[in-house]
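If you're matching positions, the sequence shown starts at 1 in UniProt numbering and goes up one per residue.
Heads up: the structure comes next, in structure tokens.
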Amino acid sequence: MTLLTGWGRMEPTRSTVLSGDDERLADAVRGAGPRGVLARGSGRSYGDAAGNSGGVVLDMTARHRILSFDRAAGLIRVEAGLTLDALLRAVVPAGWCPPVLPGTAHVTVGGAIAADVHGKNHADAGSFGDHVTSVDLLTADGTAHTLTHRDALLRATMGGMGLTGVVLRADLRLRPLDTAWVTLVHRRVDGLRGLLDGLSAVAPGWHAVARLDPSAGRGVLSLSAPARLREVPTVHRAEPLRYLAPRPLPCPPLPLAGLARPRLVGAANRLLGLGRRTVREVRPLPVAMFPLDRITGWNRVYGRSGLLQYQFVVPASAEAELAEALRMVAGAPVGVPLLVLKRLGRAGPGLLSFPMDGWTLAADFPAHPALAPLLARLDALVAAAGGRVYLAKDAGTDPRHLPAMYPGLTEFRRLRGHWDPAGVFRSDLARRLSL
Numbered sequence: 001m002t003l004l005t006g007w008g009r010m011e012p013t014r015s016t017v018l019s020g021d022d023e024r025l026a027d028a029v030r031g032a033g034p035r036g037v038l039a040r041g042s043g044r045s046y047g048d049a050a051g052n053s054g055g056v057v058l059d060m061t062a063r064h065r066i067l068s069f070d071r072a073a074g075l076i077r078v079e080a081g082l083t084l085d086a087l088l089r090a091v092v093p094a095g096w097c098p099p100v101l102p103g104t105a106h107v108t109v110g111g112a113i114a115a116d117v118h119g120k121n122h123a124d125a126g127s128f129g130d131h132v133t134s135v136d137l138l139t140a141d142g143t144a145h146t147l148t149h150r151d152a153l154l155r156a157t158m159g160g161m162g163l164t165g166v167v168l169r170a171d172l173r174l175r176p177l178d179t180a181w182v183t184l185v186h187r188r189v190d191g192l193r194g195l196l197d198g199l200s201a202v203a204p205g206w207h208a209v210a211r212l213d214p215s216a217g218r219g220v221l222s223l224s225a226p227a228r229l230r231e232v233p234t235v236h237r238a239e240p241l242r243y244l245a246p247r248p249l250p251c252p253p254l255p256l257a258g259l260a261r262p263r264l265v266g267a268a269n270r271l272l273g274l275g276r277r278t279v280r281e282v283r284p285l286p287v288a289m290f291p292l293d294r295i296t297g298w299n300r301v302y303g304r305s306g307l308l309q310y311q312f313v314v315p316a317s318a319e320a321e322l323a324e325a326l327r328m329v330a331g332a333p334v335g336v337p338l339l340v341l342k343r344l345g346r347a348g349p350g351l352l353s354f355p356m357d358g359w360t361l362a363a364d365f366p367a368h369p370a371l372a373p374l375l376a377r378l379d380a381l382v383a384a385a386g387g388r389v390y391l392a393k394d395a396g397t398d399p400r401h402l403p404a405m406y407p408g409l410t411e412f413r414r415l416r417g418h419w420d421p422a423g424v425f426r427s428d429l430a431r432r433l434s435l
């Protein structure tokens, strides 16, 4: 068996790993043992969503072909193991881009569908599933089905964390792009009210995110949008659609876990408050959209215990609960190296899609047992506010909160039971949360 972990590098498990063509995957599904089968892409979910301890894991990363690309219409058909990085390298020079880009380009298309990932422009563009026109899904009986948005099974698959079947191929709708550059504006903002107002006032087409220092009550609002040709550096204007991927940087050797104490991390975050109040710059698309991707193995900086990211969303009206959550995080027993706030728009297309109209906050912690009481209190606050945690990041949510957090859970379970009555598709996340 092969040792596997999530991106957070917590609690590694052993699984039988298989790969192959459609028929071999179908054979693996039909021959599933008592621990079941799960498809896995790049392993970028933080917790146990892509793990199947003691069972079979289908490695989809070798299935990374682009099957067709209509350059006039911006429609592309790909295999599920294609990463967004490879997709961007293929379509950006042709003047196209996926409308939704998450924080990393190393996630596969299949993983992006399974988690129904979102980006910093969710209020404008929706989630990844909104731009998927069809999916070829291998179900528990070993047969493949082509699904569109008219099919209830696709609603269960988008955000369904791989529990409805194996995404084999997908058709995606792209958006036009004039340059492979991004204009960024960073503005220092004092107070949560100012950050919320700034995120709410973002113009269509712009991406927006705020990085917060909860102990100081301020943060940096970062806005980004595709650069126009006149904004591209002069030396690059002859080839404005050239995809300029940055050189990888080595991960710092010093584990952050050793530094992640409230006082020191607070001092690091307070650097956000220094310097000019507004900074404007133009950067290549991959540098601007995926800043951490260029640091090889950056998750290892959190030390041997691993990385835990807690991300939740609460309704737009729940600003008091959001402020309380920030106060709770500021008092965490370990430091919070990264704290990010975004405004989300309409609910996602999937029954278990994470996005909803509201505020989403993500906090990175060095994994530590002392966090458990804090995370339990956050779970209760989020559920009571009508919000939810992000299953792609989750590592310990109390399953009793899931029905309140995900109103579509009952329908998801019904559809899963109909298409997979024997429970062939399983994961450690599904077992832990009784999905």
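Idealized CB from N, CA, C, for every residue including glycine.
> What is the C-beta distance between Ala-144 and Asp-151, in whole angstroms, given that I count them as a contact (C-beta under 8 Å)?
Replying inline: Contact doesn't hold; Cβ gap of about 13 Å is too wide.
>> Less than 6 Å between C-beta atoms, sequence neighbours within five positions excluded: which residues of the same chain meet that for Ala-39?
In response: Leu-58, Met-60, Gly-162 and Val-166
> Got a sec? Which residues, its chain only, sit under 6 Å from Val-202 by beta carbon, not counting five neighbours each side?
Replying inline: Ala-208
> Excluding the five sequence neighbours on either side, which residues of its own chain have a C-beta within less than 6 Å of the C-beta of Thr-5, listed in chain order?
Replying inline: Pro-12
> Would you report the Cα separation of residue 449 and Val-109, rounded to the nearest angstrom?
Replying inline: Because the chain is modelled from 1 through 435, residue 449 falls outside the range shown and cannot be assessed.
>> Suppose you measure from the CA of Arg-261 to the CA of Ala-332; what does that come to, to the nearest Å?
In response: Only weak support is given to the placement of Arg-261: the predicted model assigns it a pLDDT of 40, under 50, and the question is left unresolved by the model.
> Tyr-406 by DSSP, collapsed to three states: which one?
Replying inline: coil
> Is DSSP giving Gly-110 helix, strand or coil here?
Replying inline: helix
> In whole angstroms, what separates the C-alpha of His-368 from that of Ser-305?
Replying inline: 7 Å
>> Which same chain residues end up closer than 6 Å to Ser-68 when comparing Cβ atoms and leaving out the 5 residues on each side of it in sequence?
In response: Arg-77
> Three-state secondary structure (DSSP) at Leu-429?
Replying inline: helix
> Skipping 5 residues on each side, what residues in its chain have a beta carbon closer than 6 Å to that of Ala-225?
Replying inline: Thr-183, Gly-205 and Trp-206
> If you run the structure through DSSP and keep just helix, strand and coil, what is Arg-283?
Replying inline: strand
> Should Ala-72 be labelled buried (16 or more other beta-carbon atoms within 10 Å of its own) or exposed?
Replying inline: exposed
> Does any heavy atom of the ligand HEM sit closer than 7 Å to the C-beta of Pro-248?
Replying inline: Only the bare structure without any ligand can be found here, which leaves the ligand HEM out of the picture.
>> Is it buried or exposed, Ala-380, if we count other Cβ atoms within 10 angstroms and call 16 or more buried?
In response: exposed
>> With H, G and I counted as helix, E and B as strand and the rest as coil, what does DSSP make of Ala-267?
In response: Any reading at Ala-267 needs caution, since the residue's pLDDT is 39, under 50, leaving its predicted position unreliable; the model's value is listed next. Ala-267: helix per DSSP, three-state reduction.
> Mapping DSSP to helix, strand and coil, what is Ser-200?
Replying inline: helix
> Once you ignore the five residues that flank Gly-81 on each side, which residues in its own chain have a CB closer than 7 Å to its CB?
Replying inline: Gly-41, Met-60, Thr-61, Ala-62, Arg-63, His-64, Thr-108 and Gly-110
> Can you list, in chain order, the residues of its chain whose CB lies under 8 Å from that of Leu-195, leaving out five sequence neighbours each side?
Replying inline: Val-189, Ala-210, Leu-212, Gly-219, Leu-221 and Leu-341
> Which residue spans inside the region 138-195 form an unbroken alpha helix (DSSP H) run of at least 4?
Replying inline: 152-157
> What number of angstroms, rounded off, separates the C-alpha of Asp-394 from the C-alpha of Asp-116?
Replying inline: 14 Å
> What beta strand (DSSP E) runs, 3 residues minimum, are completely inside the region 355-404?
Replying inline: 358-366
>> I need the straight-line Cα distance from Asp-141 to Gly-423, nearest angstrom please.
In response: 11 Å
>> So for Trp-7, helix, strand or coil by DSSP?
In response: coil
> Less than 8 Å separating the beta-carbons of residue 482 and Ala-123?
Replying inline: Outside the displayed span of the chain (1 to 435) sits residue 482, for which this structure offers no information.
> Three-state secondary structure (DSSP) at Phe-290?
Replying inline: coil
> DSSP state of Pro-250, grouped into three classes?
Replying inline: coil
> What is the DSSP secondary structure of Pro-226, reduced to helix, strand or coil?
Replying inline: strand
> At which residues does the alpha helix (DSSP H) containing Asp-22 begin and terminate?
Replying inline: 22-30
>> Using 8 Å for Cβ pairs, my map puts Leu-402 next to Leu-433. What's the rounded Cβ distance?
In response: 6 Å
> Just how far apart, CA to CA, sit Ala-238 and Ile-66?
Replying inline: 27 Å
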